[in-house]
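In this note's numbering, the protein residues as written are 0 to 535.
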């Protein structure tokens, strides 16, 4: 039986796109099936021009497949539904299997709504092997395959749950060749992702050194316990692929790479050795929890090539942090923030507003801290009730999410805020949203390039003067879709501080945002008063 794996278009464009985070989940599924001896083709829709329907039809026209698979998170709901419908409508009538967080976070809802033939719950490597074997050998009872949903007499049927894989080092390394990793590498642009910016021509290798998360934050969702690979195995994977793909940059996908500090130190030691072997310093990026940070650790990380650390600060209010079940404090946030700046490692961080416990006062605590430390350009946004998370089920229980499918398909990732707190009115939440934009437009460090030179279609070389260390740096291979209205964050390659590079038009828009916002609000209030007068 021929198997087809489809990689969804992550940026929903009909044009080729290469700025996405590589889909390790599907790459692991592909390598697992190939190792088991199955015939597998992968088609990465991101690299192709055309609509999803057109591309899927063309692919199925070329070869007959018995099973098609895809998956991802809930943000891909609409596209996965389109993919599944297109596959089912094709004359060859292959079966379809869906996996990933979109299924495991809301199993029955997604199974029925997506109208997939099979759904894989949790980790898929062992499950997909057994499912394919069962489909090929029709004498095997599909109900014996653990960890799936299938249809029996038109109704969804759950099989026995599957335990998480104990030895994750037994899983074969991801199938990078099959999913077109070399094509993505050749088309990476230095300004399209925060972890690309160390190089003009980044070649970033994504790697998972663990699975699961040791923490239990209310806004996050994990379906499995934390398990770590040995650093020996991690370095073995890197050693096999750094030379093969001419890698210069490494992105560690783990939610918390510092869960074990000794393990982090071992990685720093081994990555320095690997850098010597390949004859260049391999830059790397990771996510840490602030509790683990100290000056000595940051020094060791910096010396081993660490460029940027991503922190989930989330809030500077102890009340909100407790509500989120974040095992950190404002004091720890401040310490990690200041020590990381001293170490000259870049900071990619987030503050998110709108938690269940959020009030005007708690939001003000976070905004005040951001304003005092605006030089780091920590991202500001709103908490999202991701399917499967505690706050998602809180919103469902309270009737804030009345239609789950409508929310997942139309509201996730949009500006449609859900007011989860009973301590702020909807208008106060909107005002907070406006305050964040005004604060950013007023305190962000905006920089215009000293020189800008077009080198090919939508690709530019920029000469930029860092507003902090004053060093002039040339950034080549920058993607700019519109020369007059661009705006994006950059890290200084010398001091590693972050700033916003903008065109003259975009800078003007930011500069006058607060004034125009006030005028619009005043006009809206005036219209409301006039309506009330007319009614009376």
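The C-beta atom is built at its ideal place from N, Cα and C for all residues, glycine as well.
Find the nearest neighbour of residue i within the set the options, judged by alpha-carbon distance.
i: residue 371; options: 145, 439, 189, 106; result: 439
i: residue 199; options: 268, 475, 409, 511; result: 475
i: residue 177; options: 28, 487, 329, 334; result: 28
i: residue 485; options: 216, 504, 469; result: 504
i: residue 473; options: 181, 100, 196; result: 196
i: residue 423; options: 509, 393, 35, 358; result: 358
i: residue 270; options: 260, 249, 91; result: 249
i: residue 210; options: 223, 318, 89; result: 223
i: residue 66; options: 57, 10, 102, 132; result: 132
i: residue 45; options: 36, 26, 7; result: 7
i: residue 497; options: 345, 41, 352, 453; result: 345
i: residue 425; options: 413, 399, 408; result: 399
i: residue 2; options: 128, 11, 109; result: 128
i: residue 380; options: 58, 76, 353; result: 353
i: residue 117; options: 33, 97, 124; result: 97
i: residue 81; options: 194, 130, 408, 299; result: 408
i: residue 580; options: 443, 441, 442, 464; result: An answer regarding residue 580 cannot be provided, because it is not within the stretch 0 to 535 covered by the chain.
To the nearest whole angstrom, what separates the beta carbons of residue i and residue j, a pair I think is in contact under 8 Å?
i: residue 349; j: residue 378; result: 5 Å
i: residue 114; j: residue 83; result: 6 Å
i: residue 388; j: residue 218; result: 6 Å
i: residue 568; j: residue 48; result: Here the chain has residues from 0 to 535 only, and residue 568 is not among them.
i: residue 228; j: residue 167; result: 6 Å
i: residue 233; j: residue 180; result: At roughly 18 Å, the Cβ-Cβ gap does not stay under 8 Å, so residue 233 and residue 180 are not in contact.
i: residue 145; j: residue 160; result: 7 Å
i: residue 30; j: residue 172; result: 6 Å
Report all residues from its chain with a CB closer than 8 Å to the CB of residue i; omit the five preceding and five following residues, and keep chain order.
i: residue 477; result: 188, 189, 190, 458, 459, 460, 461
i: residue 142; result: 149, 151, 156, 158
i: residue 283; result: 248, 249, 250, 251, 270, 303, 304, 305, 306
Please report how far the alpha carbon of residue i lies from the alpha carbon of residue j, in whole angstroms.
i: residue 106; j: residue 72; result: 12 Å
i: residue 63; j: residue 226; result: 38 Å
i: residue 427; j: residue 397; result: 19 Å
i: residue 415; j: residue 192; result: 25 Å
i: residue 446; j: residue 305; result: 25 Å
i: residue 111; j: residue 155; result: 8 Å
i: residue 406; j: residue 390; result: 14 Å
i: residue 215; j: residue 392; result: 15 Å
i: residue 100; j: residue 70; result: 8 Å
i: residue 237; j: residue 313; result: 31 Å
i: residue 535; j: residue 430; result: Its pLDDT being 49, under 50, residue 535 is placed unreliably in this model, and the value from its coordinates should be taken loosely. Distance between the alpha carbons of residue 535 and residue 430 is about 28 Å.
i: residue 547; j: residue 79; result: Since the first residue shown for the chain is 0 and the last is 535, residue 547 is missing from the structure and cannot be characterised.
i: residue 278; j: residue 268; result: 16 Å
i: residue 315; j: residue 361; result: 8 Å
i: residue 437; j: residue 273; result: 46 Å
i: residue 55; j: residue 85; result: 7 Å
i: residue 184; j: residue 435; result: 35 Å
i: residue 327; j: residue 254; result: 15 Å
Less than 7 Å between C-beta atoms, sequence neighbours within five positions excluded: which residues of the same chain meet that for residue i?
i: residue 411; result: 73, 74, 383
i: residue 343; result: 301, 494, 495
i: residue 245; result: 202
i: residue 479; result: 457, 459, 485
Identify the continuous alpha helix (DSSP H) that holds residue i and give its terminal residues.
i: residue 24; result: 23–34
i: residue 64; result: First-last for residue 64: undefined, no H or E at that position.
i: residue 430; result: 425–442
i: residue 96; result: First-last for residue 96: 94–98, but that is the beta strand (DSSP E), not the alpha helix (DSSP H).
i: residue 106; result: 106–113
i: residue 323; result: 317–323
i: residue 419; result: Residue 419 -> no alpha helix (DSSP H), and no H or E assigned at all.
Could you please give the first and the last residue of the uninterrupted beta strand (DSSP E) stretch that includes residue i?
i: residue 163; result: Looking at the DSSP string, residue 163 is not in any beta strand (DSSP E), and its letter there is neither H nor E.
i: residue 358; result: Careful: residue 358 lies outside any beta strand (DSSP E) and carries neither H nor E.
Looking only at its chain, what residues have a beta carbon closer than 6 Å to the beta carbon of residue i, apart from the 5 residues adjacent to it on each side?
i: residue 404; result: 112
i: residue 309; result: 286, 347
i: residue 324; result: 215, 216, 217
i: residue 247; result: 198, 202
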